[in-house]
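So the sequence shown is numbered by this note's numbering: it starts at 10 and just counts up by one.
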Amino acid sequence: MKTDIISWRFLRRAGRMSLDRHATVTIEGREHVPATGPALVVARHYHHLYDGCVAVDALDRPVHIVVGLDWIRNPLVRVAMNRLCRMARWPVVIRPGLSGASNSSRRTLDDRRAVLRRSARDTVDLLREGRVVLIFPEGYPNIDPSFTPKRGEEFLPFHGGFVRYARLAERAGSGDVSIVPLGFHYERSGADGQWRIVARFGAPVRLAEGTDSELTARLEAAVRQLSSP
Numbered sequence: 010m011k012t013d014i015i016s017w018r019f020l021r022r023a024g025r026m027s028l029d030r031h032a033t034v035t036i037e038g039r040e041h042v043p044a045t046g047p048a049l050v051v052a053r054h055y056h057h058l059y060d061g062c063v064a065v066d067a068l069d070r071p072v073h074i075v076v077g078l079d080w081i082r083n084p085l086v087r088v089a090m091n092r093l094c095r096m097a098r099w100p101v102v103i104r105p106g107l108s109g110a111s112n113s114s115r116r117t118l119d120d121r122r123a124v125l126r127r128s129a130r131d132t133v134d135l136l137r138e139g140r141v142v143l144i145f146p147e148g149y150p151n152i153d154p155s156f157t158p159k160r161g162e163e164f165l166p167f168h169g170g171f172v173r174y175a176r177l178a179e180r181a182g183s184g185d186v187s188i189v190p191l192g193f194h195y196e197r198s199g200a201d202g203q204w205r206i207v208a209r210f211g212a213p214v215r216l217a218e219g220t221d222s223e224l225t226a227r228l229e230a231a232v233r234q235l236s237s238p
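Printed below as a string of structure tokens:
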């Protein structure tokens, strides 16, 4: 069995255990994610941990999450997390250097560009192989123990690079890439303080339906709507 499949099963089980302790989850529209073939799931980023846990648990196919590790201060932890992401084939990015992000002052421009190129290559390769990739085009969640530029329920504009990843994958022979919007709505429940999480998948979008900017705007609007109460 491939290492990334073993890692996916381990991470899925660990995520499910965390959700069982801290949240109740409702999934809607999972039929919009194709059973086979490449799919790029474009999601709202609300919680630094649970968004990924919910998405990985919701689908029976392995999900590869594009993750940012720039928040990790401890170099040993960062090395360990990088290794785990490589095993799971989760592309790693350095997010845009906003004031307050822990690693922005320590990363050179060349470092960021190299990581971005590697992440783009990894994402395109996964799509070309017919995999499911989850990406958070806002870059930052609403709830994050380290840093986030968001305030309250704020929703950041989407970075449009994800559309280019899908186009590059199709040019590399992936076949049609389904771009699936995913919204999250979170509420605290009762005295126990557990999260009530609703995850809604929307109808897939094809690259032939617009330009990069048009598709970015359309998918952002869809994710916003899917994230409503």
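Built from N, CA and C at the ideal position, the CB exists for glycine as well.
Asked: For Ala-231, count the other beta carbons within 10 Å of its own beta carbon; 16 or more makes it buried, fewer makes it exposed. Which is it?; Found: buried
Asked: From Asp-66 to Ala-123, what does the alpha carbon distance come to, in whole angstroms?; Found: 31 Å
Asked: With distances taken between CB atoms, is the gap from Gly-169 to Asp-221 smaller than 8 Å?; Found: yes
Asked: When the Cα of Gly-148 is compared with those of Arg-140, Thr-157 and Pro-190, which residue comes out closest?; Found: Thr-157
Asked: What are the boundary residues of the beta strand (DSSP E) that includes Phe-193?; Found: 187-198
Asked: Quick one: Cα of Arg-205 to Cα of Leu-49, how far?; Found: 25 Å
Asked: Along the chain, where does the alpha helix (DSSP H) that runs through Thr-132 open and close?; Found: 118-137
Asked: Between Val-101 and Val-76, what straight-line distance do the alpha-carbon atoms span, to the nearest angstrom?; Found: 5 Å
Asked: So, helix, strand or coil for Glu-229, using DSSP?; Found: helix
Asked: From Ala-44 to Arg-70, what does the alpha carbon distance come to, in whole angstroms?; Found: 8 Å
Asked: With three or more C-beta pairs closer than 8 Å as the rule, is the region 171-182 touching the region 30-46?; Found: no
Asked: Could you tell me the distance, in whole angstroms, from the CA atom of Leu-224 to the CA atom of Arg-215?; Found: 9 Å
Asked: Excluding the 5 residues preceding and the 5 following Phe-145 in the sequence, name in chain order all residues of the same chain whose CB lies nearer than 6 Å to its CB.; Found: Ala-52 and His-54
Asked: By how many angstroms is the C-alpha of Arg-173 removed from the C-alpha of His-57?; Found: 25 Å
Asked: Does DSSP classify Arg-95 as helix, strand or coil?; Found: helix
Asked: Do Gly-61 and Leu-143 come within 8 Å of each other at the CB atom, strictly closer than that value?; Found: yes
Asked: Comparing C-alpha positions only, which one of His-73, Gly-211, Ala-178 and Arg-140 sits nearest to Arg-21?; Found: His-73
Asked: What separation, rounded to the nearest whole angstrom, lies between the Cα atoms of Arg-98 and Asp-131?; Found: 8 Å
Asked: Tell me whether the beta-carbon of Met-96 lies closer than 8 Å to the beta-carbon of Leu-78.; Found: no
Asked: Roughly how far, in whole angstroms, is the beta-carbon of Arg-140 from the beta-carbon of Pro-47, given that I think they are within contact range, below 8 Å?; Found: 7 Å
Asked: What's the gap between the Cα of Lys-159 and the Cα of Pro-150?; Found: 7 Å
Asked: Using 10 angstroms around the beta-carbon of Ala-64, count the other beta-carbons present and answer buried if the total reaches 16, otherwise exposed.; Found: buried
Asked: What's the gap between the Cα of Ser-108 and the Cα of Glu-163?; Found: Its pLDDT being 40, under 50, Ser-108 is placed unreliably by the model, and nothing is read from it.
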